[in-house]
Structure formats: C-alpha cells, structure tokens
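Residue numbers (the working numbering): 3 to 100.
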C-alpha cells in the first residue's frame, strides 16, 4: 500500500492523518468521522502521531485501535526473552481499554 487513501473508502470514516509509507515501513494512519469527534494534530513524526480527541456525543464510546504497538498484554503473546513488566502491561491495557 503506497498510501492509506483507500482506507477512507473501505471504512466508514471521512478524515485522516497519515504518515506515509517508507520502504518496508507500513506508515501510520489515524481515521475518524468528524460527525462523531474532533481531532487536533499536535505532533507527527515518522514513528508517532500525537493528537487531542474530543468526542462530540457522550453516547459514542466505541474505539478501534489497530497497529503494531510494540507492546503486549500478556506473557502468552511473547516468545522468549524476559517476562513482561507488569506496570508497562497495565499502562498499555489502560490505554486501549479506556
């Protein structure tokens, strides 16, 4: 995928922030529907997107997070190496389960 524009057609979103694909890197994309939320870019690097999100309707509480977060939720997902740090695992869980 050279860019992420096709995702706006494939999914029910109408806004996008994109970090372009570079070589083997898949890039980063944040998609949202501006009828449901406002998203203000704060900073973008080749490895991160930082944004402030304001939900317009308090009834709306569904999230979709996808990607390669380089974090794990449990040891069963890990192959070799040191066991997971419980504090790091808990912090990641808190973010994706907010």
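For each residue, glycine too, the CB sits at the ideal point set by N, CA and C.
Can you find the residues in the same chain that come closer than 7 angstroms, C-beta to C-beta, to residue i, ignoring five residues on each side of it along the sequence?
i	result
residue 52	44, 45
residue 36	16, 17
Within its chain, find whatever has a CB closer than 8 angstroms to the CB of residue i; leave out the 5 residues flanking it on each side and keep chain order.
i	result
residue 38	57, 58, 59, 62
residue 80	74, 86
residue 91	73, 74, 75, 76
Short of 6 angstroms in beta carbon distance, which residues of its chain neighbour residue i, apart from the five on each side in sequence? Order them along the chain.
i	result
residue 94	73
residue 29	21, 22, 23
residue 71	none
residue 41	34, 53, 55
residue 6	20, 31
Sort out for me which residues DSSP pairs residue i with in a bridge.
i	result
residue 78	The partner list for residue 78 (beta bridge, DSSP) is empty, contrary to what the question assumes.
residue 42	54
residue 27	24
residue 17	34
If residue i and residue j are in contact, beta carbons under 8 angstroms, what's the gap, nearest whole angstrom?
i	j	result
residue 15	residue 34	6 angstroms
residue 19	residue 8	The Cβ separation is near 16 angstroms, so there is no contact.
Under a three-way DSSP split, which group does residue i fall into?
i	result
residue 96	helix
residue 9	helix
residue 88	helix
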